[in-house]
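One point on numbering: in our numbering, the residue at position 129 of the sequence shown is 133, and numbering is uninterrupted. Quick reminder that beta carbons are idealized off the backbone N, C-alpha and C, glycines included. From a predicted model like this one, the values you see are computed outputs, not experimental measurements.
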Amino acid sequence: MPTTRNTSADQLPPGQRERPDFPRFGLPWQVGHVPRIPVEPRLELTGDVRSPTSLAVSELATLERAVMVSDFHCVTTWSHRSLRWGGWRFRDFYERFLVPRTDPAREAQLVIFTGIDGYSACLLLEDALSDSVLLADELDGTPLSLAHGAPLRVVAPDHYGYKNIKHLGAIGIWRDRRAYHPRGLPGQDHPRARVAHEERGLLPAWLLRIIYRPFIEPTIRRAQRALAANDL
Ligand SMILES: Nc1nc2c(c(=O)[nH]1)N[C@H]1C(S)=C(S)[C@@H](COP(=O)(O)O)O[C@H]1N2
Ligand SMILES: [Mo]
C-alpha cells in the first residue's frame with residue numbers, strides 16, 4: 005500500500021502552535037451540528053460536467069488504498085502532528101470515477117467539496133490532484149469517527165483545516181467560483197489556503213492569527229458538549 009509522509013520534521017509552519025490532542029473543530033456556530041450519516045452513504049458528482057451523477061461510497065473500495073502520515077493545521081493557529089490517515093488518493097478517484105462518469109469541462113479549474121452538514125470548501129483542481137490529497141475513511145488505523153468526519157473526509161495537509169471537508173456528500177468540478185458559497189464570514193476563505201505560504205484568508209495573516217486565537221478554546225468546548233449530547 006503506498007504511503008506518503010507529509011510532516012514537518014521539526015518546525016511547525018509560520019504562526020502555528022502544537023496541540024497534543026486532536027479535537028473536533030469547525031466554525032463556532034457549526035461545530036455543534038453533528039450530522040446523521042445515512043446507512044448507505046453516497047457521493048453526488050456535479051458541476052460543469054456533461055453527466056452529473058452519484059455513486060455509493062462503498063464503490064471506492066475498488067481503488068487502491070493509500071496511507072498518509074501528516075500534520076494537521078487549523079487556520080486558527082493550532083496544529084496536531086503525525087496523524088495517520090487511510091483511504092484513497094483523490095487523484096485516483098478523479099481518474100477512475102469522476103472523469104469517466106461525469107465528463108468534466110476541459111477548462112475546469114476548481115473542485116468544490118460539500119459536507120452533508122452543508123459546509124463546503126474549494127480547492128484548485130491542480131492542488132486537489134496532488135499526491136497528498138486523500139479521501140479518508142480511517143484515522144490511526146480505525147474507522148473514521150463521526151467527530152472527525154465519518155463516513156469520508158477530505159485530507160489536504162498542505163492546506164488549512166477548513167479545506168479538509170468532513171462528512172463528504174458532494175464533489176463538484178467547476179470552471180470558476182460562480183457556484184461557490186462558503187458558510188464563513190466574507191474574506192475568511194482563501195482560494196488556495198496553503199499553510200506554507202500562510203494563506204489564512206483574505207486579510208493579512210498576522211491579523212487573522214490575532215482574531216482567531218481567542219475562538220479556539222470556546223469552539224473546542226462547544227464541539228465536546230455536542231459530542232457528549234450525542235453520546236459520541
Ligand atoms: N463538513 C464539515 N467539514 C469541516 C468543517 C465543518 O464544520 N463541517 N470544519 C472545518 C474546519 S474549520 C476544520 S479546522 C477541520 C477540523 O477537523 P476535525 O474536526 O477533524 O479536527 O474540519 C474542517 N471541515
Ligand atoms: Mo479550522
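Neighbourhood of residue i by C-beta, 6 Å cutoff - its chain only, sequence neighbours within 5 removed
i: GLY122; result: none
i: PRO18; result: GLU202
i: TYR184; result: ILE116 and CYS126
i: HIS194; result: GLU203 and GLY205
i: ASP141; result: GLY91, LEU148 and LEU156
Residue i CB to nearest heavy atom of ligand 2 below 6 Å
i: CYS78; result: yes
i: GLY145; result: no
i: GLY153; result: no
i: GLY19; result: no
i: TYR166; result: yes
Close Cβ partners of residue i (< 8 Å) along its chain, the five nearest in sequence each way excluded
i: LEU252; result: Nothing about residue 252 can be reported from this structure: the residues present for the chain run from 5 to 236 only.
i: ASN10; result: MET72, VAL73, SER74, ASP75, SER136, PRO161 and ASP162
i: LEU133; result: PHE94, ARG95 and TYR98
i: GLY36; result: ARG226, ALA227, ARG229 and ALA230
i: ILE169; result: PHE117, THR118, GLY119, TYR123, SER124, ALA125, GLY153, ARG157 and VAL158
i: SER83; result: LEU16, PRO17, GLN20, ARG21, GLU22, ARG23, ASP75, PHE76 and HIS77
i: PRO32; result: PHE219, PRO222, THR223 and ARG226
i: ILE41; result: ILE120, LEU150, ALA154, PRO155 and HIS171
Other residues of its chain near residue i: CB distance less than 7 Å, five sequence neighbours each side excluded
i: LEU67; result: TRP92, ASP96, PHE97 and ARG100
i: LEU207; result: GLY191
i: GLY165; result: PHE29, PHE76, HIS77, CYS78 and VAL79
i: PRO39; result: ILE120, ASP121 and HIS171
Proximity test, residue i beta-carbon vs ligand 1 heavy atom, cut-off 6 Å
i: ARG28; result: yes
i: GLY119; result: yes
i: HIS171; result: yes
i: GLN192; result: no
i: TYR123; result: yes
i: GLN228; result: no
i: GLN113; result: no
i: GLN15; result: no
When the options are compared against residue i, the one with the closest alpha-carbon
i: GLU221; options: ASP14, ARG28 and GLN15; result: ARG28
i: ASP70; options: THR7, ARG105 and VAL43; result: Sequence check: residue 70 is Ala here, not Asp. Closest by alpha carbon: THR7.
i: PRO108; options: ARG179, THR80, VAL61 and LEU128; result: ARG179
i: VAL53; options: GLU44, VAL103 and GLN34; result: VAL103
i: LEU189; options: ARG204, VAL199 and ARG46; result: ARG204
i: PHE26; options: ARG196, ARG85 and GLN113; result: ARG85
i: SER55; options: ARG105, LEU64 and LEU139; result: ARG105
Should the region 77 to 89 be regarded as contacting the region 159 to 166, the criterion being three or more beta carbon pairs within less than 8 Å?
Enough Cβ pairs lie closer than 8 Å, so yes.
Quick check for students: name the residue ranges of the alpha helix (DSSP H) that lie wholly in the region 58 to 115, counting only runs of 4 or more.
Within the region 58 to 115, the complete alpha helix (DSSP H) runs of at least 4 residues fall at 94 to 97 and 103 to 106.
Only counting runs of 4 or more residues, tell me where the alpha helix (DSSP H) segments fall wholly within the region 178 to 222, in order along the chain.
Counting only runs of 4 or more, we get 209 to 216.
Evaluate contact between the region 200 to 215 and the region 173 to 181, counting only Cβ atoms and requiring at least three cross-stretch pairs below 8 Å.
Short answer: they don't touch.
If you scan the region 121 to 186 from start to end, which runs of the beta strand (DSSP E) of 3 or more residues do you find wholly inside it?
Correct list: 124 to 128, 138 to 143, 157 to 159 and 172 to 178.
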